[in-house]
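Sequential numbering of the sequence shown, starting at 549, is according to our numbering.
Glycine is no exception: its CB is placed at the ideal position from the N, C-alpha and C atoms.
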Amino acid sequence: MIPESEAREHVLAHCSVLSPVRTPLAELTGLVLAEPVVAGEDVPPFVNSAVDGYAVRAADAADAPVELVVVGEVAAGASTEREVGPGEAIRIMTGAPMPAGADASVMVEDTERLDGGNRVRIGRSIEPGVAVRLAGDDVRAGTELFVPGTVITPAVAGVLASVNVRRAFAIPRPRVAVLSTGDELVDDGSPLQPGQIRESNKTMLIGLVAAAGCDTVDFGVVRDDEAALETVLREAARTCDAVVTSGGVSMGDYDVVKAVLSRIAEMRWMQIAIKPAKPFAFGLLATGAADGGSIPVFGLPGNPVSSLVSFELFARPALRQMAGHKAIDRPTLVAVAAAPLSRRPDGKTHYVRVRGEFAGDGRYHVTSVGGQGSHQLAATATAQALAVLLDGDGVAAGGDVTAIVLSL
Ligand code: AMP
Ligand code: MG
């Protein structure tokens, strides 16, 4: 058995960031920026009102309440040539350009409409500059807004739109082929024949890969047949950036993934000091292109819970690294064991599936989901976190335990 850290380092060392692609704004959210973005425009582009109300000369309202003559109106998207003179006001909407002469906006709630709208009573005195948004108040043209490596969140994409960035270089979503293997697997809804089971891993892995920020390509359930598997793997290598397989990587006689990948890829077959998910394979599979390139292959174990844990510990960080993310790992918390999390020493780190919740003490309290067998996906599906039990006897009730948070 090798330490988990060795497997992780090996995998990460062989998964490089994909080449940046010039990407339209509408497709940037969720990607990692690969170039600096400098604002080409001021935001807002002109001085405007922060409120619906009246644009005034603050000096006129110094001795409020006062009455002013309403000499015009300006809506968002419009503008006015009319200047606000002494004793005058212009009715103004949020976002509309401040008329010349005015230096403050009085919100409509502090005013009273008089004489059918021809006059207005200003109820409160106001300082110059109040409720006025200056040009460039949010973004000044020429400012470096974002550095390479920035994750384009919806808000970042909004800022890009606000300064008219129509496209930018970003790391593309890795295109990940997902397939499962096994003669026993049924995924078309037909009645189970003796020895058959329903396929579950591919459905789960497609979701996990997508949630990690990748595009998925479903390569189906592949029979335990070397020729068939080789055809599928070569097609995946030709068209995708990575392959995730499940099943066939352990010590069984029909572990065809092992047989085929050993032959056509440069693989490392690992037994990792963790439970579940001890068997794991990783390697590089030639794309077949003239440049001699290759793509990473993650050979996850077939037991559904092992598949999930293996994906979380090795494939997910690697795929996120390929997508350009610096934060490649799930967040961890120092949690409290709400009940004992026991185990026996066996030289392995145990990843125990736990439910978790924040309690009144502000801490995250975790409890085993129950069934911890590597085939018991239903119990695992109720988990919010993986409790990390280092080799030893586990953690007593009330003790601290590291929790890898899968979902809050
Ligand atoms: P293997 O790694 O292929 O030896 O499979 C280990 C265990 O996981 C066996 O019980 C398989 O039937 C089961 N298994 C493998 N692949 C899947 C899958 N895609 N969905 C559900 N169970 C699977
Ligand atoms: Mg199998």
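Rounded distance between the beta-carbons of residue j and residue i, thought under 8 Å
{"i": "phenylalanine 594", "j": "alanine 683", "result": "5 Å"}
{"i": "proline 572", "j": "arginine 721", "result": "About 14 Å; that fails the 8 Å criterion."}
{"i": "proline 849", "j": "alanine 813", "result": "Actually they do not touch by this definition, with Cβ atoms about 17 Å apart."}
{"i": "glutamate 589", "j": "valine 711", "result": "5 Å"}
{"i": "phenylalanine 859", "j": "valine 559", "result": "Wrong, their Cβ atoms sit about 12 Å apart, outside the cutoff."}
{"i": "alanine 883", "j": "histidine 913", "result": "7 Å"}
{"i": "glycine 697", "j": "lysine 806", "result": "Going by Cβ atoms, the distance from glycine 697 to lysine 806 rounds to 37 Å, so no, they are not a contact pair."}
{"i": "glycine 942", "j": "serine 890", "result": "4 Å"}
{"i": "threonine 897", "j": "isoleucine 822", "result": "5 Å"}
{"i": "glycine 847", "j": "leucine 809", "result": "6 Å"}
{"i": "arginine 901", "j": "leucine 934", "result": "6 Å"}
{"i": "serine 653", "j": "glycine 601", "result": "5 Å"}
{"i": "arginine 672", "j": "alanine 612", "result": "5 Å"}
Span separating the alpha-carbon of residue i from that of residue j
{"i": "methionine 752", "j": "arginine 723", "result": "17 Å"}
{"i": "glycine 664", "j": "alanine 623", "result": "19 Å"}
{"i": "proline 645", "j": "glycine 908", "result": "49 Å"}
{"i": "serine 916", "j": "serine 794", "result": "25 Å"}
{"i": "tyrosine 802", "j": "aspartate 772", "result": "7 Å"}
{"i": "leucine 925", "j": "alanine 790", "result": "25 Å"}
{"i": "glycine 919", "j": "threonine 928", "result": "8 Å"}
{"i": "valine 770", "j": "valine 953", "result": "32 Å"}
{"i": "leucine 756", "j": "threonine 787", "result": "20 Å"}
{"i": "proline 888", "j": "arginine 782", "result": "48 Å"}
{"i": "glutamate 557", "j": "leucine 833", "result": "19 Å"}
{"i": "isoleucine 820", "j": "aspartate 894", "result": "12 Å"}
{"i": "alanine 785", "j": "isoleucine 843", "result": "7 Å"}
DSSP state of residue i mapped onto helix, strand, coil
{"i": "methionine 818", "result": "strand"}
{"i": "glutamate 629", "result": "coil"}
{"i": "serine 710", "result": "helix"}
{"i": "aspartate 686", "result": "coil"}
{"i": "glycine 755", "result": "helix"}
{"i": "alanine 775", "result": "helix"}
{"i": "threonine 835", "result": "coil"}
{"i": "arginine 786", "result": "helix"}
{"i": "serine 798", "result": "coil"}
{"i": "leucine 956", "result": "coil"}
{"i": "alanine 926", "result": "helix"}
{"i": "leucine 809", "result": "helix"}
{"i": "leucine 781", "result": "helix"}
{"i": "lysine 826", "result": "coil"}
{"i": "proline 844", "result": "strand"}
{"i": "valine 770", "result": "strand"}
DSSP beta-bridge partners of residue i
{"i": "leucine 727", "result": "Thr793"}
{"i": "valine 704", "result": "None, per the DSSP bridge assignment."}
{"i": "serine 653", "result": "Ala603"}
{"i": "glutamate 660", "result": "Arg669"}
{"i": "threonine 950", "result": "Val882 and Val936"}
{"i": "aspartate 763", "result": "Arg723"}
{"i": "proline 645", "result": "Asn596"}
{"i": "alanine 716", "result": "Thr571"}
{"i": "glutamate 692", "result": "Val586"}
{"i": "leucine 733", "result": "Ile745"}
{"i": "glycine 942", "result": "Ser890"}
{"i": "alanine 637", "result": "Val604 and Val618"}
Residue i beta carbon near the ligand GTP (any heavy atom closer than 7 Å)
{"i": "glycine 796", "result": "The ligand GTP is not part of the structure shown, which contains the ligand AMP and the ligand MG as its ligands."}
### Query
What beta strand (DSSP E) runs, 3 residues minimum, are completely inside the stretch 854-918?
With a minimum length of 3 residues, the continuous beta strand (DSSP E) runs that stay inside the stretch 854-918 are 880-885, 897-906 and 912-916.
### Message
Threshold first: 4 residues or longer. Then list the alpha helix (DSSP H) segments lying entirely within the stretch 551-634, N to C.
### Response
The stretch 551-634 contains these whole alpha helix (DSSP H) runs: 552-561.
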